[in-house]
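As structure tokens, the structure follows; a few thoughts come after it.
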């Protein structure tokens, strides 16, 4: 279920019943929506598992939803291609004051 256009609403706006749409689709279908869109899942009335995938991307200078620094060890980061290490946050961006690129700590050989 989702509410099209709700990503443009203010925080106090509540959907009317007729604005909530069901997204019933054949198996293997995909539905994309903006993260700010009101959405939810109805009850699984089958005896089967229902699977979902959440795919998100954050600009490198924003805090990630998952803390990659805790999930990927420094030893594992050293084995990654440089562009992948940068994609999961091991890259410095402009900021205030003095900073050192994380590559200094994690991507150098011991």
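In our numbering, the protein residues as written are 181 to 290. All residues carry an ideal CB built from backbone N, CA and C; glycine is no exception.
Beta-carbon gap between residue 218 and residue 182 smaller than 8 Å | yes
Which two residues bound the contiguous alpha helix (DSSP H) that contains residue 218?
-> Looking at the DSSP string, residue 218 is not in any alpha helix (DSSP H), and its letter there is neither H nor E.
Give the single residue among 262, 268 and 232 whose Cα lies nearest to the Cα of residue 247.
-> Of 262, 268 and 232, the residue nearest in Cα terms is 268.
Burial state of residue 252 (16 or more Cβ within 10 Å) = buried
Could you round the C-beta distance between residue 195 and residue 202 to whole angstroms and report it? I think they count as a contact, below 8 Å.
-> Not a contact, Cβ separation roughly 13 Å.
Who are the near neighbours of residue 205 in its chain, counting only those whose CB is closer than 8 Å to its CB and skipping five residues on each side?
-> 211
Give the range of the alpha helix (DSSP H) segment to which residue 263 is assigned.
-> 262-267
Nearest candidate by alpha-carbon position, reference residue 207, set 262, 232, 191 and 188 | 232
If you compare alpha carbons, which of 213, 197, 226 and 270 is closest to residue 234?
-> The shortest Cα separation from residue 234 among 213, 197, 226 and 270 belongs to 213.
In whole angstroms, what is the alpha-carbon distance linking residue 242 and residue 191?
-> Approximately 22 Å between the Cα atoms of the pair.
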